[in-house]
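Report on the following structure.
In our numbering, the protein residues as written are 145 to 189.
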């Protein structure tokens, strides 16, 4: 029976690490969107 690649990922990375990685990725995404479109972040001077 073939080994499920997701099982390997689950053993290598704990759920906590995946959650932290997801939060960091979300923060980076928001930061990039704000930097690309400063007007969306709030009132412009």
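Note that the Cβ used here is the ideal one computed from N, Cα and C, for glycine as well.
Values in this document were obtained by computation on a predicted structure and should not be read as measured data.
Under the three-state DSSP convention, the category residue i falls into
| i | result |
| --- | --- |
| residue 176 | helix |
| residue 166 | helix |
| residue 160 | helix |
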